[in-house]
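Residues in the sequence shown are numbered from 88 upward in steps of one, following this note's numbering.
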Amino acid sequence: MTNPLLEEFELPCFSAIKASDIEPAINRLLESNKKKIASLLEGQAAYNWDNLVYPMELIDDQLSRVWSPVSHLNSVMNNDEWREAYSNCLPKLSEYSTEIGQNQVLYLAYRSIKEGAEYSQLEIAQKKIIDNALRDFELSGVALEADKKQRYMDISQALSSLTNQFEENLMDATNAWNKLIVDKAELAGLPDSTIDLLCQTAQQKDKEGWMLTLEFPCYMALMTYADNRELRYEIHHAFVTRASEQSAGDIAWDNTKTMAQIVGLRDEKAKLLGFESYADLSLATKMAEKPSDVLAFLNQLAERSLPMAKQDFEELTEFANKQGHVGDVESWDVAYFSEKLREARYQISQEEVKPYFPANRVLSGMFAVVEKLYGIDITEIDGVEIWHKDVQFFAITDEEGVQRGRFYIDLYARPHKRGGAWMDECVTRFKKAAGVQSPVAYLTCNFTPPIGDDPSLLTHG
88 MTNPLLEEFE LPCFSAIKAS DIEPAINRLL ESNKKKIASL LEGQAAYNWD NLVYPMELID
148 DQLSRVWSPV SHLNSVMNND EWREAYSNCL PKLSEYSTEI GQNQVLYLAY RSIKEGAEYS
208 QLEIAQKKII DNALRDFELS GVALEADKKQ RYMDISQALS SLTNQFEENL MDATNAWNKL
268 IVDKAELAGL PDSTIDLLCQ TAQQKDKEGW MLTLEFPCYM ALMTYADNRE LRYEIHHAFV
328 TRASEQSAGD IAWDNTKTMA QIVGLRDEKA KLLGFESYAD LSLATKMAEK PSDVLAFLNQ
388 LAERSLPMAK QDFEELTEFA NKQGHVGDVE SWDVAYFSEK LREARYQISQ EEVKPYFPAN
448 RVLSGMFAVV EKLYGIDITE IDGVEIWHKD VQFFAITDEE GVQRGRFYID LYARPHKRGG
508 AWMDECVTRF KKAAGVQSPV AYLTCNFTPP IGDDPSLLTH G
């Protein structure tokens, strides 16, 4: 039986990939890659772009193409079986990456290219690839003594597992919390669209009433519109204490010790490599040169924005008091009274504007602006394999009709999908012998989903 992850594919066949395919595919690919790298390093009189760097890039690209759909599906349709397979592969991938990064022969081969006559004749992008590779060798501990190399590998494996555990705990704590409302009066102030969303959520769980969850569309609507201050506090407290020692959820999801372990291991890793702190290590691959530069920028930003923020908060507090609020304006009051202030000052609410911004119209408008700015066309493509019915797929072509890239858009929040918004690589752009491999991206959001036959409505700004 073939493994869909190991077959040649232009785009992933998401429906064919099973959790049971993941470990066998990764095990086989890592073993194959190690043999290919060993073969590249054997019998070469001199190393160059064609006989070492380009083949290494092909090896990395193949691994990326296999792992990308696995990692993505773990984020957008997480379940126990998938999670176990994904988690089991993380230490193996970490070990493989560290072994490559600490391979002294491979490192010296790259250095010989950097120091050789051919380097000056390479294109800027090729030089950058070689320079980055040498930097990454050094950041992987290639120059460390044997015992410290092993400790670096142990730390890297532990960190890959701990950071994944952190994300899993947060997702589990988010998915576990819910509150069924049976008295609609408790939801006073909420717009009809939110009421309908909560009703739809309850129906999906075979309940009668209105189901609150910690998914962001529900949480933000409660914070912004709910007149019931106790309810606002309850969902706010549940949201900000997820996966912590202050949460009412399962103690197994408490990330307190996990965070402490991550911080400690990152510090040890940085010091193993000769850095003063993990912040210094992190900046080794970024534009800012040292932590003090970052702190100076943040402090300058705070100094400029704090006076206006204080003024805004004073105005908000004064407005809240005039509305009958007694006591301090707490964090679970800010969005609520900010919306009330906006309505009083401008005679318009976000909810009144939302019907003008259905998700598809927003996408069309955004694409039109981008098309005009960059001279491209963005066209939706039907019939492409997707992981959920709400996912859309688009192609980008230039003025000559040449395809420049493609992307998936997954706009809406749902259970077992990681919170937040992000972009990730599905396929990277790559010049191959057969032609250019067109890049493909995942664009993931967590907007309010459509309710029944009604479209998702977005806010302005």
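No residue lacks a Cβ here, since even glycine has one placed at the ideal position from N, Cα and C.
Taking the C-alpha atoms as reference points, what is the distance between residue 139 and residue 92? 25 Å
Quick one: what's got a C-beta closer than 8 Å to residue 539's C-beta in the same chain, skipping five residues either side? 283, 287
Report, in whole angstroms, the separation of the C-beta atoms of residue 500 and residue 531, which I expect to be a contact under 8 Å. Approximately 10 Å separates the beta-carbon atoms of residue 500 and residue 531; this is outside 8 Å, ruling out the contact.
Starting from the N-terminal side, write out each stretch of the beta strand (DSSP E) that is 3 residues or longer and does not extend beyond the stretch 272-357. 297-300
When the Cα of residue 172 is compared with those of 440, 158, 181, which residue comes out closest? 158
If you draw a straight line from the C-alpha of residue 515 to the C-alpha of residue 217, how long is it? Rounded to the nearest whole angstrom, the CA to CA distance from residue 515 to residue 217 is 18 Å.
Would the stretch 483-490 and the stretch 139-148 be scored as touching if the rule is three or more Cβ pairs under 8 Å? no
Could you name the residues that DSSP lists as bridge partners for residue 361? DSSP lists no bridge partner for residue 361.
When you compare each of 357, 400, 257, 362 to residue 338 by their alpha carbons, which one comes out closest? 257
Give every residue of the same chain whose Cβ lies closer than 7 Å to the Cβ of residue 277, excluding the five residues on either side of it in the sequence, and list them in chain order. 308, 312, 313
What are the boundary residues of the alpha helix (DSSP H) that residue 456 is part of? For residue 456, the enclosing alpha helix (DSSP H) begins and ends at 446-461.
From which residue to which residue does the beta strand (DSSP E) around residue 265 run? 265-268
Collapsed DSSP secondary structure at residue 410 in the structure displayed: coil
Does the beta-carbon distance from residue 493 to residue 457 come in below 9 Å? Contact: no.
Classify residue 468 as buried or exposed, calling it buried when 16 or more other Cβ atoms lie within 10 Å of its own Cβ. exposed
Measuring alpha carbon to alpha carbon, tell me which residue in 114, 360, 462 is nearest residue 228. 360
Have a look at 389, 433, 445 and flag the residue whose alpha-carbon is nearest the alpha-carbon of residue 542. Closest by alpha carbon: 445.
Suppose you measure from the CA of residue 449 to the CA of residue 232; what does that come to, to the nearest Å? 56 Å
Buried or exposed for residue 353, please, with buried defined as at least 16 other CB atoms from any protein chain shown within 10 angstroms of its CB. Residue 353 should be labelled buried.
Can you tell me where the beta strand (DSSP E) holding residue 185 begins and where it ends? Here residue 185 belongs to no beta strand (DSSP E); instead the alpha helix (DSSP H) covers 167-188.
Residue 100 burial status per 10 Å Cβ neighbour count (16 or more: buried): exposed
In terms of alpha-carbon separation, which member of 408, 331, 432, 224 lies closest to residue 184? Nearest C-alpha to residue 184: 224.
Going by DSSP in three states, residue 544 sits in which element: helix, strand or coil? strand
Residue 131 beta carbon less than 9 Å from that of residue 196: yes
Does the structure place the stretch 418-426 close enough to the stretch 316-334 that three or more beta carbon pairs sit under 8 Å? yes
If you drop the 5 nearest sequence neighbours on each side, which residues of the same chain put their C-beta closer than 8 Å to that of residue 161? 169, 170, 173
Let me know the secondary structure DSSP gives residue 191 once reduced to three states. helix
Find the nearest neighbour of residue 478 within the set 427, 534, 435, 150, judged by alpha-carbon distance. 534
Taking only runs that begin and end inside the stretch 380-409, name each unbroken alpha helix (DSSP H) of 4 or more residues, in chain order. none
Cβ atoms of residue 211 and residue 135: under 9 Å apart, would you say? no
When the Cα atoms are used, what is the spatial distance from residue 394 to residue 137? 58 Å
Identity of the residue in 237, 146, 437, 335 nearest residue 119 by Cα: 146
With distance defined between alpha-carbon atoms, name the residue in 545, 96, 403, 194 nearest to residue 442. 545
Taking a contact to mean a Cβ-Cβ separation below 9 Å, would you say residue 124 touches residue 176 in this structure? no
Per-residue burial, residue 382 [other beta carbons within 10 Å of its own, 16 or more giving buried]: exposed
How about the stretch 263-270 and the stretch 288-297: do they share at least three Cβ pairs that are nearer than 8 Å? Taking 8 Å as the limit for Cβ pairs, the verdict is that the stretch 288-297 does touch the stretch 263-270.
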